[in-house]
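Peer 1: Just so you know, the sequence shown maps onto residues 51 to 413 in this note's numbering.
I'd like to ask you about the structure that follows.
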Amino acid sequence: MKYALFASYAALVVLTAVLLYTMLKRDRKQSEKKKVLLPNFCGVIGLICALLFHIPMTALAFGDGDWWLFLLFFVFVCLGASLMIGRINCRIEYDESGFTVTNFIGLRKNYSYDDFTGKRQSFGKTVLYVKDRKLRIDDIAVGEEEFIAFARKQYRICRGGTAVQTLPEKEIKGAFRKNVNHPEEFIFAFCTILLITIGMLASLGYMYFNTTKENELEYMTVTIQDVKKYHRYRQSGLRAVTNDTDVLIELPGDYRLLKDDPGLIERLKSSGERFRIGYEVMGTGDAIYYLIDVIIAENGEELLPFELSERYAKENILQIIVFFSGLGILNALWFLLTFRIGRHPEKYSRRVKRLFFQDGNIR
51 MKYALFASYA ALVVLTAVLL YTMLKRDRKQ SEKKKVLLPN FCGVIGLICA
101 LLFHIPMTAL AFGDGDWWLF LLFFVFVCLG ASLMIGRINC RIEYDESGFT
151 VTNFIGLRKN YSYDDFTGKR QSFGKTVLYV KDRKLRIDDI AVGEEEFIAF
201 ARKQYRICRG GTAVQTLPEK EIKGAFRKNV NHPEEFIFAF CTILLITIGM
251 LASLGYMYFN TTKENELEYM TVTIQDVKKY HRYRQSGLRA VTNDTDVLIE
301 LPGDYRLLKD DPGLIERLKS SGERFRIGYE VMGTGDAIYY LIDVIIAENG
351 EELLPFELSE RYAKENILQI IVFFSGLGIL NALWFLLTFR IGRHPEKYSR
401 RVKRLFFQDG NIR
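This is the structure in structure tokens:
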């Protein structure tokens, strides 16, 4: 699984480099050919999605997680990467002699303006019929209107003034009943947020049901020397001495642990006892610390049983799940209201419509 993760990271680095080069480069030769491209935000959103879903993939790879969940997150990474590839490859380059279409996988094909057989305005895109194929140009593409106007002009020149045939628009009800300009932008934004929310909830759900098991803990015997507060999720850092070496250890859910057993930390640091602790190693490099899950006194008394630590860990994860679920619900409500107002704009005042749509976006 780690090799697959490294390969995925390597591919993403290469794809990111190509994307940035494509977005930032300037034509030094001042080419006369104009272009139709997907906007830069498609590539940026794709990169963000790919990076976000690499986080749970990394946790699964280094935590010996399940393959099926790793592959699930990889599917979301591929969806983000597809937006990046679309921004890199999908384009139309044109001049007075003709135009060249490059598809998703980078294959190029040249056409003449005389090859047009018809044009149709469809939901969210323009469809050009060229020879035996359909050329779909999304309304969000940069340079789309300029290309269509130029192509119609060149067609008239090739055909002696005859205009390209405009086919009747297909009857498509659409999500917003054609009351909203560029409705695909709203749907795309909702789907992107939905995918990110689902990915985060799936990752958190996996963490909730796969917390550290008791037999996976490491153990050492320590004497607690001092309690020192530091800023990490409202926890207390305990300065412990073991084998003449100071180590930083952390109690789980400390702010709740103090409430449940306020005398525990005082006993730990003032009794002079040696305690056997079960712990997880957290952090990396100089930031390594130990998260305590079990504390056993010299007399065998369990001061902090594993079941209590596991409960604290799951409660922490559950709080984050509730937070992201709330965001998901708000996103769903936002889309439903946008959908409702977009389908029936005549029922709402201008002030209400401006809360969801910019001026000129709703008819």
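Using N, Cα and C, we set each Cβ at its ideal position, and we do this for glycine too.
(1) Taking only the alpha-carbon atoms, compute the straight-line gap between K100 and F123 and give it to the nearest angstrom.
(2) Could you pull the start and end residues of the beta strand (DSSP E) that F149 belongs to?
(3) Within 10 angstroms of the Cβ of F197, are there 16 or more other Cβ atoms? Answer buried if so, exposed if not.
(4) Counting pairs of Cβ atoms below 8 Å between the stretch 251-269 and the stretch 117-131, do you hit three or more?
(5) Between E360 and R183, what straight-line distance do the alpha-carbon atoms span, to the nearest angstrom?
(6) Entirely within the stretch 86-123 and at least 4 residues each: give me those alpha helix (DSSP H) ranges in chain order.
(7) Can you give me the Cβ contacts of T271 inside the same chain, cut-off strictly under 6 Å, excluding the 5 residues immediately before and after it?
(8) Less than 8 Å between the CB atoms is what I'm expecting for F103 and T247, so what's the real figure, rounded?
(9) Find out if the Cβ-Cβ distance for the pair N160, T150 is shorter than 7 Å.
(10) Quick check on this structure: which residue in P233, G328 and N260 has the alpha carbon closest to the alpha carbon of F385?
(11) Taking the C-alpha atoms as reference points, what is the distance between L178 and A61?
(12) Can you name, in chain order, every residue of its own chain whose Cβ lies under 7 Å from the Cβ of T388, other than the five neighbours on each side?
(13) According to DSSP, is T66 part of a helix, a strand, or is it coil?
(14) Please name the residue in K203, N153 and Q204 whose C-alpha comes closest to that of I187.
(15) With a CB to CB cut of under 8 Å and the five nearest residues on each side skipped, what residues in its chain are close to Q80?
(16) Using the Cα positions of F345 and F259, report the straight-line distance between them to the nearest angstrom.
(17) Nearest-angstrom Cα distance between Q285 and K364?
Peer 2: The structure says:
(1) Here the question's residue 100 lines up with position 50 in the sequence shown. Here the question's residue 123 lines up with position 73 in the sequence shown. Note on residue identity: the sequence assigns Ala, not Lys, to residue 100. Computed Cα separation, rounded: 9 Å.
(2) Sequence index remark: in the sequence shown, residue 149 carries index 99 (1-based). Note, F149: beta strand (DSSP E), G148 to T152.
(3) Taking the sequence shown and counting its residues from 1, one reaches residue 197 at position 147. Classification for F197: buried.
(4) yes
(5) Along the sequence shown, read from residue 1 onward, the residue named residue 360 stands at position 310. Along the sequence shown, read from residue 1 onward, the residue named residue 183 stands at position 133. In a straight line, the C-alpha of E360 is about 60 Å away from that of R183.
(6) 90-112
(7) One-based indexing of the sequence shown puts residue 271 at position 221. These residues qualify, in order along the chain: R324 and R326.
(8) What you label residue 103 is simply residue 53 of the sequence shown in a count that begins at 1. What you label residue 247 is simply residue 197 of the sequence shown in a count that begins at 1. With a Cβ gap of about 12 Å, F103 and T247 do not count as contacting.
(9) Within the sequence shown, residue 160 is the residue found at index 110, counting from 1. Within the sequence shown, residue 150 is the residue found at index 100, counting from 1. Closer than 7 Å, so yes.
(10) On the sequence shown, position 335 is the one that residue 385 refers to. Considering only alpha carbons, the answer is P233.
(11) What you label residue 178 is simply residue 128 of the sequence shown in a count that begins at 1. What you label residue 61 is simply residue 11 of the sequence shown in a count that begins at 1. When rounded, the distance between both Cα atoms is 34 Å.
(12) By 1-based counting over the sequence shown, the position of residue 388 is 338. So the list reads F236 and F406, once near-sequence residues are dropped.
(13) By one-based count along the sequence shown, residue 66 stands at place 16. Looking at T66 - three-state DSSP - the assignment turns out to be helix.
(14) Start at 1 with the first residue of the sequence shown, and residue 187 comes out as number 137. Nearest of K203, N153 and Q204 to I187, Cα basis: N153.
(15) In the sequence shown, residue 80 corresponds to position 30, counting from 1. At Q80, the pLDDT of 47 sits below 50, so the modelled position is not reliable; the number obtained from the coordinates is stated separately. Cβ neighbours of Q80 beyond the five flanking positions: none.
(16) The sequence position of residue 345 within the sequence shown is 295, counting from 1. The sequence position of residue 259 within the sequence shown is 209, counting from 1. Per the sequence shown, the amino acid found at residue 345 is Ile instead of Phe. Each residue's Cα considered, the two are about 23 Å apart.
(17) Here residue 285 corresponds to residue number 235 of the sequence shown, with the count starting at 1. Here residue 364 corresponds to residue number 314 of the sequence shown, with the count starting at 1. Low per-residue confidence applies at Q285: pLDDT is 46, beneath 50, and the placement is therefore not dependable, though the value from the model is reported in the following sentence. Taking the straight line joining both Cα atoms gives about 16 Å.
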